[in-house]
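Number of protein chains: 2
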Amino acid sequence: MAAKRIPAADPAALGAREAAWRIAEGAMSSAELVAACLARIDAEEERVQAWVFLDRDKAMAEAEERDRRRKLGMPLGPLHGVPVGIKDIIDVKGMPTGNGSPIDAGRMPLEDAALIRRLHAAGAIILGKTVTTEFAYFHPGKTRNPHDPSRTPGGSSSGSAAAVACRMVPLAFGSQTNGSVIRPASFCGTVGFKPSFGAIPRTGMLTASQSLDHVGLFARNLEDMALAEALMGPDGRDTGAGASPGPLTATALSEPPVAPALAFIRTPAWSHAEEGTVAAFAELVAALGDRLDDVELPEPFARAYGWHRAIMTAEMARNLGHYVDRAPEQCSDKIRDLVAEGRGVSAPDYLGARDMAPVLRSSLEALFDRFDAIVTPAAPGEAPEGLESTGDPVFCTPWTYLGLPALSLPLLAGPSGLPLGVQLVGAAGQDARLLRTARWLVRLLNEEVPA
Amino acid sequence: MAAKRIPAADPAALGAREAAWRIAEGAMSSAELVAACLARIDAEEERVQAWVFLDRDKAMAEAEERDRRRKLGMPLGPLHGVPVGIKDIIDVKGMPTGNGSPIDAGRMPLEDAALIRRLHAAGAIILGKTVTTEFAYFHPGKTRNPHDPSRTPGGSSSGSAAAVACRMVPLAFGSQTNGSVIRPASFCGTVGFKPSFGAIPRTGMLTASQSLDHVGLFARNLEDMALAEALMGPDGRDTGAGASPGPLTATALSEPPVAPALAFIRTPAWSHAEEGTVAAFAELVAALGDRLDDVELPEPFARAYGWHRAIMTAEMARNLGHYVDRAPEQCSDKIRDLVAEGRGVSAPDYLGARDMAPVLRSSLEALFDRFDAIVTPAAPGEAPEGLESTGDPVFCTPWTYLGLPALSLPLLAGPSGLPLGVQLVGAAGQDARLLRTARWLVRLLNEEVPA
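Sequences listed follow chains Z and D, in order. In our numbering, each residue's number is its place in the first sequence (first place is 1) plus 7. In our numbering, each residue's number is its place in the second sequence (first place is 1) plus 7.
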């Protein structure tokens, strides 16, 4: 993973876990880390445009306060002194939260989102708000791909992916309703993690689609993803929030008791995979040999895309329709078309689409008895050229619909040398096992696969 | 209450609690009770038509088995040896469950519903299946009102209400999606109880509308309703099932610590109340004096009827549409029209209607801080003449929409001398307090109000 290739002399190059560990040990101060991250932002922001709001002074003051706490010997959370970026659809008290729309520009939340409260409790410092597409849908924000500014960083969590990729921050948060974490992680070459549906409560985050919205994470190494355990579990307000998948760190960092088995699944969307992706996955399949089986999904999976679309458009029409009604001229065509489409979905069709998710999920139980994870592309290819589109989420859609935990791992490269994510998907609630399997896979490939 | 007026010499006249107590004490056998109930059925069934299926031999055999258990000193449940009637939309293994439709006639369930398993565990004997309207909606079954066979017993739990009213069984079960427990209880002069939404799991019951379906009870005295506590609590399968409102008996049978305060609410449906109902409630209001305040609902309650209708029609279209598609000629016009209407509801409107229920529920918190229960009619008037209609559920609609616990108490009479229920509605989850308040009210009126 990237963290290993960057000299640790630059605090901004550290992963979140390692940074927190160094701060706790007194080997580095939170102020040094925040200053290093701000220096990276100074160097790169003009080119990358990852942020909509930054409070440098407040972040430095909080870092100093964290350093004082440490010196006083007070108990430190797992993210003590570590700065993070927050997608601008998640409410942070004292920072404007604009939801990527001019309609909400300058909106000041009265309360922190549940995620923010838990990040504060873990000791993290909210550095600022990262660019989102309009209402976390498809109309792009200003962010550019750090690997090639003429290309999209993906969306909708564009700024969080880009900021982590260019070391402005070791950890950032986004959301996924279709492919908004896994796809930008793939395009920007970070690790992306969408925990099981409901694992991290969404209270205080813009509701796009209550049945599909997930909180997700971006980091530069896989081990950092186990930090999500501090953010999981019901908050008593998000009615979609479920049981926590349980502690992640111990399992995620342990060796699998037996060598994991992987299922390579092309999915019904395979025709969307670009030539370079097909070739890169052919190499991956060859490298993994008998550790990977070619598996086909049961037939009804072809319908998951339509079911996902019925739910997403109907719920987004319900939740965002008032923006379109109130200020149509300040909404993109994309969001206006979405609301119109969602208003045309009948309630029985919507309910049918929702009813099928648990049925499909059960149909995968046999697969997850045999395999530790599904291997599939994170996106059709490298980040597309241009900034008008944030790319195609089709390789994420079924796993979001089913609420399964998913990772994007920056293990492959496309024909232009840009990152190409390998998506790993686990059984519902088995987030820890997914992280353990992913770590095993990364080590295996670092040993066996030519870079 | 009725039980007090019938000589206890007839076991069929006993309430469920008292019958269970006598059986447990050895003062009466379960076989005697079942035989007495079967004798009542022999005497009345031709006139009342409450049952679609009865297994007399099996019921007698089970009664004898219950009597043997008692003699062996084995532990006895709270309904040990008591026969009950089950609405024919609730699955009982070994009995056909027809859902009130020729399409499902003779359908044999493979499993007991959650309610039935809990009834078995409590020692009850399933005497048979009672008449329901078609799919628990408006197209009537064969049952007649025991007080006047030219009139409807109400619906959709027609047979359960009528069977309890004419002492065929001390306790029977129905369901309510709009007014299907409270209305027939009012028309037949029984006590009807619809516990808080989700209190009794619905697994194994026909799903008409998953957001609105409630399990409900019919008995001839209020104290029997506390027996519902044995049936409450999540079963791990009904995803709509919530926490149990907690033990009922101790609170329900205790004296209120201070005299309860009641809120008389006419509701936006008051224009539906018949002249005799208006007069009877005027007398009740006068009799209760300052124990009752005249309260008006917040304005948005007028819209609860439309929101209830959007949810009910949309969900019933989703759940029952396949019957109409498969065998339209075996469906009534009422159910065909319902499915067509529900298919015309848009998903965003449906979601909006669902979102408003918790908002309205919160707007009642201040009311339930001040008042122990709402007093309102159970139905517009006495049971209407004729068997073509099961009457109007309009006085039940908002409380079903909100999932609040509700009772119908046979305290009043209409101009023809037929029963007129007083509906008591409690705060969500406060079923025990509702039962306690109702018991206090019944005692007060028996003392103070001329019969």
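Where is the CB? At the ideal position from N, CA and C, for every residue including glycine.
Between the C-alpha atoms of D:A268 and D:A172 there is a straight-line separation of about 30 Å.
Close to chain Z, meaning a Cβ-Cβ distance shorter than 7 Å, are the following residues of the stretch 304-321 of chain D: A321. When DSSP reads this structure, Z:H221 sits in a beta bridge with Z:Q183. Counting only the Cα atoms, Z:T159 lies some 35 Å from Z:D242.
Under the three-state reduction of DSSP output, Z:S353 falls in the strand class.
In this structure, the alpha-carbon of Z:I381 lies about 36 Å from that of D:L327.
Across the stretch 407-422 of chain D, no CB contact with chain Z closer than 8 Å is found for any residue. The stretch 270-278 of chain D and the stretch 392-409 of chain D touch, with no fewer than 3 CB-CB distances between them shorter than 8 Å. In the three-state reduction of the DSSP assignment, D:M232 falls in the helix class.
For D:L291, the enclosing alpha helix (DSSP H) stretches over residues 282-295. Bridge pairing for D:Q430: D:T383, D:S415 [DSSP].
Only those residues of the stretch 324-340 of chain Z whose C-beta falls short of 7 Å from the nearest C-beta of chain D are listed: A324, R325, G328. Judged by their CB atoms, Z:L178 and Z:V41 are not nearer to each other than the 9 Å cut-off.
Here the alpha carbons of Z:L416 and D:M323 stand approximately 44 Å from one another. A distance below 7 Å between beta-carbons, with the five flanking residues on each side excluded, links D:A309 to the following residues of its chain, in chain order: P275.
Within chain Z, the residues placing a beta-carbon under 9 Å from that of D:V352 are S353, A354, P355, ordered along the chain.
Per the C-alpha coordinates, the member of Z:L371, Z:Y330, Z:F200, Z:G433 positioned closest to Z:E141 is Z:Y330. Under a criterion of Cβ atoms nearer than 9 Å, the residues of chain Z adjacent to D:L358 are, in order, Q217, A321, E322, A324, R325, N326, A354, Y357.
If you ignore the 5 residues before and after Z:S396, its C-beta comes within less than 8 Å of the C-beta of F145, P147, T159, all in its own chain and listed in chain order.
By the C-beta density criterion, Z:S369 is exposed, having fewer than 16 other C-beta atoms within 10 angstroms. According to the DSSP assignment, Z:D301 belongs to no alpha helix (DSSP H) but to the beta strand (DSSP E) extending over 299-301. For D:F200, there is no enclosing alpha helix (DSSP H); the residue is part of the beta strand (DSSP E) that begins and ends at 198-201. Beta-bridge analysis with DSSP links Z:A226 to Z:L178, Z:V198. Note that the C-beta distance between Z:G161 and Z:A170 is not below 9 Å. DSSP, read as helix, strand or coil, puts D:L304 in coil. Here the stretch 311-322 of chain D lies against the stretch 203-218 of chain D, with 3 or more beta-carbon pairs under 8 Å apart. Looking at the backbone, the Cα of D:G388 and that of D:G351 are separated by about 32 Å. For the 9 Å CB-CB criterion, D:I207 and D:L238 form a contact. The C-beta distance from Z:L414 to Z:G199 rounds to 7 Å, short enough to meet the 8 Å contact threshold. Of all residues in the stretch 186-199 of chain Z, none comes within less than 8 Å of chain D when Cβ atoms are compared.
Between D:A354 and Z:G349, the C-beta gap is smaller than 9 Å, which places the two residues in contact. For the beta strand (DSSP E) assignment, the uninterrupted runs of no fewer than 3 residues enclosed by the stretch 103-190 of chain D are, from N- to C-terminal side, 132-137, 178-183. In this structure, Z:S164 sits near Z:F225, with a CB-CB distance shorter than 9 Å. In the structure shown, D:M319 falls within a helical segment according to DSSP collapsed to helix, strand and coil. At least one beta carbon of chain D lies nearer than 9 Å to the beta carbon of Z:D362. Under a criterion of Cβ atoms nearer than 8 Å, the residues of chain Z adjacent to D:G349 are, in order, A354, P355.
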